[in-house]
Structures are given as C-alpha cells and as structure tokens.
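As you go down the protein sequences, you meet chains R and G in turn. Per the numbering used here, the first sequence starts with residue 1, numbered consecutively. Per the numbering used here, the second sequence starts with residue 1001, numbered consecutively. C-beta atoms are modelled at their ideal positions from N, C-alpha and C, and glycine is treated no differently. This report concerns only the one structure given below.
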Amino acid sequence: MYENVMKSAERFKARPLGRDQKIGGMKQREDLLFMKVEQEQAVPFITWLKELGGFGHLVLFTAVDFIEQDIFQITYLLHSYEQHHDIVVLVEIDRQKAEMESIHHLWPHAATYQQELFEMFGITFPGSPRLYEDFALEGWQGPPPMRRDFDTKEYSEKTYFPRPGRVTHDPATYMKEQLYPGEAQTW
Amino acid sequence: MVGRQGSTQTAHSPKLPPVVDGVSQYDLYSGKYLKVWQGPQHPGITGNMSLELVTCGDQIVECRTHVGYLHRGFEKLMERRRYIQCFPLVCRICVPEPDFNEYLFAAGVEELAGIEIPERARWLRALTLEMARLTSFLMWIGGQTGAFGMGTIGQWTVTMRDYMLDLFEELSGGRIYHMYIIPGGVRADLPDGYAARVESTLRTIEKVLDDVELAVFHNAVFKMRTKGLGTIDPSLVETYGITGPNARGSGIARDIRKDSPYLVYDQLEFSIITATEGDAFARTWVRYQEMRQSIDLIRQMLRKMPQDGPFFTRLPNVLHWKIPAGQTYLRAECTRGEYGFYMVSDGSEFPRRVCVRGPSYTHAVALMERLSVGCNISDTAGLMVSLHTYPPEIER
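This is the structure we're talking about:
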C-alpha cells in the first residue's frame, strides 16, 4: 500500500514506526502509517508527499508536548484520496527552541493551524501570515496554555479569587439538613 | 490604515483595492471603505464567532474570522481526566450532533486498547450516527433558508428535529447530549417497538421535506440569491482541505462512509450525492438530498440489523483503565465534513493528548475569508450557513 512512499522515504531519512510491531493494544491499522523524520527534512518530505506522493489533503496539524523528553512532537496528518489511506509525519523538535518551518505555502489553511500552535504551545513558524495575532485567546498574558507545565488549577486559583457571598456546602450534609432539618446530627 | 499581511483576497474588480504582496491596499481614512463587525451576537452568524468585514459600498473587500468567544479548553481538560471522565466532556464539543464525538472517542480508546465490540453494537452506533446527521441537517436547513428571509421553513424543520430528539430521549434518556455510545459498545438496547416509532417519525419528516423542496428549490428569491454565491472551484478542494457536502457540491465525490467505510456502512446501499456548480444553491441541494439519503439509511439499518445479541463488551473497572501507549486517528463523515479524533496515549490512566479535527476549522476561517471577498454584505450570512460552519469545533 505504501511501497511508493517507502521507496522515496530513504532520501528524506524518514523511518516508519510500528508497521510490524504492535503500537498500543492492537496492530496498527493497515491504512494508517506513522513516519518519523528529522526536523530539517520534514518540510521537503511533506512537499514530496503532497506533490508526488498523492497525499494532497492536510487533515490535521497539531503538536504533542512530551515534557519528560523535553521535546514537542509535531504531527502532520496527510490523506490520499486516490488510495484512501493516511500517512502521519511525526517531527520531534527541541522544546527549548520551539521553532518549525512553515507549510502555509503548501496549504493556505495551515496558517490557521500554525496560528493556533503558536498561541497554545508557543511554537513559532517564521514567515507564517498573522502568526502573532490572537486566535482563540484574546488578550492572553500567561504562558502558552497547552504546554504540560501550565497548571490549570494553580492558574485559576491564582487568577480567580473567591468572591464574598459564595458559600460551599458538603452536599451530603447539606441535603440531609434540607430534607430532615435538625435530624442530620443524630444520623 | 492598510490591510494586514496575509490577505486572502484574490478577486479583482474595479471596486476592490489592489493587492500588493498579499496585502490589500485600502485606506480606511479615505472615506471609501467602512469596517463592519458582523457578530459575535448577530442572527446571521452560526454560533459564537464574528466576521470583521471591510466594505466598499455594500461589497466586501476583506474578511477576517474571529473566534475565541467559546473557548472551553476541552483538549486541555481531558489531559487531567481519566478516560471515562473525558467521556461527558467530548460530546459537548459539538451541540447539533454530539454522537460523532462519542463514537470517535470510544472507537479511539477501543483501537488503542484492542477492544472488539459486538456486531449489534456496531449497528446501533451507525443508527445513532445517521439519526444525528438527519437531526443536524434539519436544524441547518432552517438556518440556510432563514438567512434568505424564509423563517417559516426553519419552524417546520425544527419541529421535525424535536421529533427526532424525542426518539433520542427514548433511546438514551438525553435529548441533546446522549452519551449513548461508550467504550465497549452502546449503553442500552433499542426499546420495544422503537423501530415502528422511528418509521412513523421518518414518514412525518418526509412529508415536511416534500414541502421544503417546493418552498425552497422552486423559490425565485432563493434561486436568485444563492446561485453563483460563494462558488468553490474544484481545484480549491484539496488546497483548502474542504470535505463533506462543501466538496461534493463542487463535483468532488468524496464521502468517508463510502471511501473508508467504518462501522456497518460497507453493508448498506447508497451512493455519493454530488452537484457540479459548487455554489450555495448546489450545496443546499446536496444537503437536502443527503437528508433523504439519511432517512433511507436509517430504514436500511433497522431492516438489516441483527435482531438480538449482546450490545456491550464487559470491560474492567472504568476508574482503573490504563490504555497502552500508542497513537491513532479515527474519522467519520458528519454533516459538515470530515470529523476526526487524534489520540495519543502514553500508557497512563490519562490521555496524553486528544486533538479534535472539526471540518469548520478550514471552512469557517481560511475558506470563508477567501469566498466572502467580492460578496454583497447581505449575503454573508447565507454564505456562512451554506458552508455549514460551526465555531465550537474550531476552538475545542
């Protein structure tokens, strides 16, 4: 199914993942191939996949934070409409120097994904249009919120202080008191 | 002020300002151009988003989509929750058809963990998904016709949607969020006599759809306003990642149910509905035909479905699930196009990352910004609804 891609993958030093061994609980689906590629070879490989490999549809473009290994995994999911199968290009980039080449020249809507990745993960894509404009988080001042080291609970406790007039009850005791006033103590 | 970088403007007419290096050269202080905000609170906006329009007279020169009025951070919230605790969250990503989220999340967990589900559960899932498609289309056609001043159609079809919600309520207990499809199968079997009640509702809907066809597709105003509006060239389909009825309206026959069949779609008889013009009228027509197709598919499923058998696989205690490390991507054909879940597990009790691919991500931002240039301002709402954009899936 992927012979064409496999032949050319060596040129880009791309290596397939988990084709023979199991990923997760079951064997990887036949129509889904994961390929890992070095950062500098990523955009040439993706360009080849789009122009010559027949993978013309950019399905998804996102990042995963692997904070333990100090890397971001950038995921490009491409689909071939001729053969109806997918290829997932995985690129690992340094978390401290989160910068990646832009692909907005290949697919215009990739600019939206890149705008979101900059906002949510702090990954920059030099040359991408409207990269520094606010996307979903208007006026956001804090660190990029989708990074693993951003603690949502700590942030909300620090930012949103308890307002006067709000009382918290233990639901079990409160309901007993409501339903059987005065008897709750004796239970 | 000069237009910002990355202008998507391509059309050239004497009214439109020149474009230099992708920057639209308009000067707001010249008095020739006016900036108008459409939304976030506007009847002609699909949900909570807004369009920043620069107009010259009543023609749109530049459009910018703004989202962020609805960001609930589902993807981040899921990283801190166990798999089963994510479950009540995922259906809330998309209100008109939450079942796709439930199905894709459940199927993702099953694929990563290697869980096989019983045959009857597959049929019941497909039935729910098809019913959700019909429900969502019934709401959409109200918006589409309402944008062109035909409010009555929406009143008819939303009533029909309510009958569908009654069926969902009977099946799952919930009208909007059903939480019916769970990892391992579905939550309950069909109630007694359910198929007959579905059939009777479908007949009522068919009668209304006949009226809708007469009132919409033979209406001179509707034809005049939608023909030629927001034409998508077939060459744009791959460049802009366009999927679903928006692509099929341009003559690109792509349907995930047919191309990469999931659940039981390979055992059903149906064909891909396409139109050639690629404008708002063609898209409306494709969606209208797909409503008829959904009705037919629901009937086929009720007929072909195994009449008994298990609908759920017994699974270990949900609070102690540890999903083996791995990643996967699942997709399904929702009313707006390709809906997908990309799931990464690191072997712990919590998902490492769940990323939702909503079709509106491309339709409402990049594509809408391109198509609306040169449009009349009064047609923006109709154009937007004809792309069936839906903001919650842009900002998950």
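Bridge pairing for tyrosine 1033 (chain G): G:Cys1056 [DSSP]. Excluding five sequence positions before and after glutamate 1290 (chain G), the CB atoms of its chain that fall closer than 8 Å to its own CB belong to Arg1133, Phe1137, Pro1245, Ile1273, Thr1335, given in chain order. Neighbours of serine 1260 (chain G) in chain R, taken as residues whose beta carbon is under 7 Å from its own, are Asp31, His84 in chain order.
Glutamate 1079 (chain G) places its beta carbon less than 8 Å from that of phenylalanine 1350 (chain G). The C-beta of histidine 105 (chain R) comes no closer than 8 Å to any C-beta of chain G.
Straight through space, the alpha carbons of serine 1345 (chain G) and alanine 98 (chain R) are spaced by roughly 22 Å. Note that the C-beta distance between tyrosine 1390 (chain G) and cysteine 1094 (chain G) is below 8 Å.
Of all residues in the region 1352-1366 of chain G, only Arg1352, Arg1353, Cys1355, Arg1357, Tyr1361, Thr1362, Val1365, Ala1366 place a beta-carbon less than 8 Å from a beta-carbon of chain R. Non-local C-beta neighbours of glycine 1249 (chain G) in its own chain, meaning closer than 6 Å and more than five positions away in sequence, comprise Ala1275, Gly1278, Ala1282, Arg1283, Val1286, ordered along the chain. DSSP lists no bridge partner for phenylalanine 45 (chain R). For a Cβ distance threshold of 8 Å, residue set Phe135, Ala136 of chain R lies close to valine 1067 (chain G), ordered along the chain. Restricted to the region 1035-1118 of chain G, the beta strand (DSSP E) segments that are unbroken, complete and at least 3 residues in length are 1050-1056, 1059-1066, listed in chain order. Where glutamine 115 (chain R) is concerned, there is no enclosing beta strand (DSSP E), although the alpha helix (DSSP H) around it starts and stops at 110-121.
Sequence-distant partners of glycine 1146 (chain G) (beyond 5 residues in either direction) whose C-beta falls short of 6 Å from its own C-beta, in its chain, are Gly1154.
Between proline 1183 (chain G) and leucine 1315 (chain G) the beta-carbon gap is near 7 Å, inside 8 Å, which marks them as a contact. In the DSSP assignment, isoleucine 1232 (chain G) falls outside any beta strand (DSSP E), carrying neither H nor E. For threonine 124 (chain R), there is no enclosing alpha helix (DSSP H), as DSSP marks it with neither H nor E. Put simply, the CB of lysine 1076 (chain G) is near chain R, with a gap under 8 Å to one of its CB atoms.
Leucine 117 (chain R) is outside the set of residues whose beta carbon lies under 8 Å from a beta carbon in chain G.
Secondary structure of threonine 62 (chain R) (DSSP, three-state): strand. Listed along chain R, the residues sitting closer than 8 Å to glycine 1241 (chain G) by beta-carbon distance are His57, Leu58, Val59, Trp107, His109. Residue burial is scored here from C-beta neighbours: valine 1221 (chain G) has fewer than 16 other C-beta atoms within 10 angstroms and is therefore classed as exposed. With respect to the 8 Å criterion, leucine 1016 (chain G) and glycine 1230 (chain G) are not classified as neighbours on the basis of their beta carbons. Between the C-alpha atoms of leucine 179 (chain R) and threonine 173 (chain R) there is a straight-line separation of about 10 Å. Closest in alpha carbon position to histidine 1042 (chain G), among G:Thr1243, G:Val1385, G:Pro1088, is G:Val1385.
Contact note: glutamate 1338 (chain G) reaches chain R through Val59, using a C-beta cutoff of 8 Å and chain order. Between threonine 75 (chain R) and alanine 1366 (chain G), the C-beta spacing is not below 8 Å. Shortest Cα-Cα distance from glycine 54 (chain R) to any of R:Glu82, R:Asp94, R:Glu68, R:Thr124 involves R:Glu82.
Between phenylalanine 12 (chain R) and glutamine 41 (chain R) a beta carbon distance of about 5 Å is seen, short of the 8 Å cut, so the two are scored as contacting. Counting only residues of its own chain and dropping the five nearest sequence neighbours on each side, lysine 1223 (chain G) has a CB closer than 7 Å to the CB of Phe1281. Cβ proximity to chain R below 9 Å picks out nothing from the region 1263-1282 of chain G.
Isoleucine 1045 (chain G) is not a Cβ neighbour of tyrosine 1103 (chain G), given a cutoff of 8 Å. Only exposed fits isoleucine 1176 (chain G), as fewer than 16 other CB atoms lie within 10 angstroms of its CB. In this chain, the alpha helix (DSSP H) harbouring methionine 6 (chain R) covers 3-9.
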